[in-house]
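Before any comments, here is the structure.
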Amino acid sequence: MSIVFKNINKAFGDSSVVDDLTLEIHRGEFVVLLGPSGCGKTTTLRMLAGLETVTSGDIFLDDKRINDVPTQHRDLAMVFQSYALYPHMTIAENIGYPLRVRKYPPKDRRARVKRVADLLDIVPLLERKPRQLSGGERQRVALARAIVREPRAYLMDEPLSNLDARLRVQMRGELKRLQHQLGTTTVYVTHDQAEAMTLAHRVAVMKKGKLQQFDTPMNVYDFPANRFVAEFVGSPSMNLIDGGIENSKFVTEGFSVALTKDLETGRNATLGIRPEHITISTTPSNGAAAATVYVLEQMGNETLVVLAAGNLKLMARTDADFRVAPETPVWFTVDMSRAHFFDIDTGTRVT
Amino acid sequence: MKRFSKYLLLALAVIFALAPVYWVLTISLKSEVDQFAIPPRWFQFAPTFEHYYDAFVVRSFGQYLITSAVVSVASTICALAIGTLAAYSLARFRLPYNLDQKVSLWILSTRMFPAIVTAVPLFLMMRDLRLLNTRTSLIIVYTAFNLPFVVWMMRGFFAELPRDLEEAALVDGDSRLGALVRIVLPLVAPGLAATAVFCLIVSWNEFLFALVLTQTDAAMTLPVGIAGRVTQYEIKWGVMSAAGTVAMIPILVFALAVQKYLVRGLSLGAVKG
């Protein structure tokens, strides 16, 4: 099912939460709404579910305007951050609830519950109560309740945020596989850029109620539309350096580098470089800038180095076997073909 | 020593609470001679059931008992049905101009004046409605008086329940009312039980309105019936005590039966379950 948000605004009293959002989600697509807390992503999802009213603008499901359709008639399924399992019902009753209120015959209900329980590997839990389950198990039950019928779309509100790190990565993979199998349109809200990158067909990055960029994860990563997106997506974050353009060079205090792109001389800009596009060497070479090692963070598979060059701090990614003591002088080069430039005032992408 | 004083205090509290009950119970079982013996006969007397016979067979206390039961149960059910729905809307829906807050406070304010203030107007209204000396009049009045309490108590229970659960039910395809019946009410059942017990006790013990609105045996409740044995010429201590003892039993049984819910209900939300 396709979902269209058209010029959606949402305000609580005087404060605007979602500001002129327009978003077109295709049938079968997995779209992630990504942003820091308070960016309006959850409110957007709740408007789609019908749990919040729309202040102005229209929402369409398959070309039908649904602003005034009550939640229960929208035929969507939602996974809540808190899972929202019904505490007084067994797991089987929880999963079967959407079927029960739709008056499926009991026999059919049992068969469907059994089928999703098989799919999610929770058959042994069916007779238990939610409070007897671990977080990961509750998560699966919440998913099972969403997929037990064939809704027109799945809405997920930070479904993995209450799980521990290991389980989160595991469930992330399973979610992706599940969505691929079912092929149902999914709108997924998260503040975790890793979830967005791994799960989404397309990511909608939001900030303070405004859509910043809506594109594939790789395009969001490789061509961030503005400074905010550049910084928010990617871990560790992109290095952002304010400076000026002079004679085909980007110049800032303690550091200058030759440009490979044409930029007008004299303008100020913010240079963005991802940590993996900085190369460090312990020996000086032609064109390399000098710096000292500020901190070394060994991750096992790679080493993150924070460089100090004048007042600048730069994060660089190197091989796991790069080992030097703090304060050691090093030299670094920047892959300028992968560099980004943003307008210093508006933050929008220049090239 | 600390332990000793703790138990001493407990013992005093128990005696303070239970001595009158013990006195009523023993009076109801004593012959009239034993009732007035000096020094009082605390334990050694020949028990007799003559006052019970007198009260429930000779006099109309059986009738009063039935009236009390009917009026209490009916008014509790009415107050719960109306009050729970009101409390749910007040807990969940925001009205413009903060009206939801104002309405809640206004409901509570009906309990702020002394009950006697409404006694005369209610008497006149019931007279004009030709409802004097009927159980209906008491059911209406008790329902009205229990409503604010039900609304405020249930509103608290609803407010503590996460909205997620109802929202999940709505997304799952249930109606508002369906979510209330299938999800919300089962979860606030302990609160509902605690509220019901409170309403029952209040209605069961109510004296003022029963006195004002009912004068005939057919419509009189137990408290009024018992008080009626204090007459110009004599005070029937034995009959009063026998009826009083019987009047205590239903409340006691009910409170014991729902004790588990009562404690949970009054502390609902204190511990996440």
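Sequences listed follow chains A and B, in order.
When you read off a place in the first sequence, starting at 1, and then add 126, the result is the number in my numbering.
When you read off a place in the second sequence, starting at 1, and then add 62, the result is the number in my numbering.
Ideal Cβ positions, reconstructed from N, Cα and C, are used throughout, including at glycine.
Same chain, Cβ closer than 6 Å to residue i, neighbours up to 5 away in sequence not counted
i	result
serine 166/B	Leu152
valine 239/A	Ala218, Ile221, Gly222
cysteine 261/B	Thr138, Ala141, Asn208
valine 421/A	Val432
aspartate 236/B	none
threonine 110/B	Ser93
phenylalanine 271/B	Val203
valine 333/B	Since pLDDT at valine 333/B reaches only 40, below the 50 mark, its modelled position is unreliable, and the value read off the structure follows with that caveat. The answer is none, since no qualifying residue turns up.
methionine 282/B	Tyr126, Thr276
serine 141/A	none
Alpha-carbon to alpha-carbon, residue j and residue i
i	j	result
leucine 245/A	aspartate 461/A	46 Å
isoleucine 151/A	valine 158/A	10 Å
valine 325/B	valine 250/B	13 Å
valine 120/B	arginine 217/B	47 Å
isoleucine 202/B	asparagine 135/A	49 Å
arginine 298/A	leucine 397/A	33 Å
alanine 258/B	leucine 147/B	14 Å
proline 350/A	isoleucine 248/A	40 Å
valine 179/B	proline 101/B	44 Å
proline 196/A	alanine 256/B	34 Å
glutamine 258/A	glutamine 319/A	32 Å
leucine 127/B	proline 285/B	9 Å
alanine 136/B	glutamine 97/B	37 Å
serine 163/A	arginine 153/A	27 Å
tyrosine 114/B	alanine 304/B	5 Å
glutamate 253/A	arginine 226/A	17 Å
glutamine 198/A	methionine 344/A	36 Å
serine 411/A	glutamate 428/A	23 Å
phenylalanine 468/A	phenylalanine 376/A	12 Å
phenylalanine 220/B	arginine 154/B	8 Å
isoleucine 263/B	leucine 71/B	27 Å
aspartate 471/A	threonine 312/A	36 Å
methionine 425/A	alanine 446/A	7 Å
asparagine 267/B	aspartate 116/B	22 Å
leucine 157/B	aspartate 290/A	40 Å
Test item: CB-CB of residue i and residue j under 8 Å
i	j	result
leucine 286/A	arginine 292/A	no
alanine 416/A	proline 455/A	yes
tyrosine 347/A	methionine 323/A	yes
alanine 203/A	tyrosine 280/A	yes
isoleucine 313/B	methionine 302/B	no
arginine 264/A	leucine 301/A	no
aspartate 226/B	phenylalanine 206/A	yes
isoleucine 371/A	alanine 465/A	no
glycine 176/A	lysine 132/A	no
leucine 200/B	valine 133/B	yes
proline 210/B	isoleucine 245/B	no
glycine 306/B	valine 86/B	yes
asparagine 352/A	glycine 161/A	no
Proximal residues to residue i (C-beta, below 7 Å), its chain only, five neighbours per side dropped
i	result
alanine 442/A	Pro401, Ile404, Ile406, Val431, Leu433, Phe458
lysine 336/A	Asp145
valine 315/A	Leu159, Lys167, Thr168, Leu171, Met282, Asp283, Glu284
valine 308/B	Leu127
Span of the alpha helix (DSSP H), counted from its first residue to its last, around residue i
i	result
glutamate 228/B	225-233
asparagine 220/A	217-227
proline 183/B	181-190
glycine 413/A	Element bounds for glycine 413/A: n/a, residue is neither H nor E.
phenylalanine 123/B	123-154
glycine 240/B	238-241
threonine 88/B	64-91
serine 166/B	161-171
valine 286/B	284-289
Residue range of the unbroken beta strand (DSSP E) whose run includes residue i
i	result
glycine 218/B	Looking at the DSSP string, glycine 218/B is not in any beta strand (DSSP E); the run it does join, the alpha helix (DSSP H), is 197-222.
threonine 378/A	375-378
isoleucine 263/B	It is not in any beta strand (DSSP E) - isoleucine 263/B instead sits in the alpha helix (DSSP H) that spans 251-267.
phenylalanine 156/A	156-160
valine 143/A	141-151
isoleucine 371/A	365-372
lysine 132/A	129-138
8 Å Cβ shell around residue i - same chain, five flanking residues per side excluded
i	result
alanine 414/A	Ser407, Trp457, Phe458, Thr459
tryptophan 104/B	Thr88
glycine 335/B	Confidence is the limiting factor: at glycine 335/B the pLDDT is only 37, short of 50, which leaves the residue's position unreliable, though a coordinate-based value still follows. No residues qualify anywhere along the chain.
Those runs of the alpha helix (DSSP H) which lie wholly inside the segment 292-322 of chain B and span at least 4 residues | Correct list: 299-319.
Pick out the complete alpha helix (DSSP H) segments inside the segment 282-342 of chain A, 4 residues or longer, and give them in chain order.
291-308, 319-325
Suppose only complete runs of 3+ residues qualify. What are the beta strand (DSSP E) ranges in the segment 189-217 of chain A, listed by chain order? Whole beta strand (DSSP E) segments, 3+ residues: 203-205.
Minimum length 3: unbroken beta strand (DSSP E) runs contained in the segment 423-467 of chain A
428-435, 438-445, 455-460
Give me the subset of the segment 224-235 of chain B whose CB atoms are less than 7 Å from a CB atom of chain E, sorted by chain position.
Absent from the structure is chain E; the protein chains it does hold are A and B.
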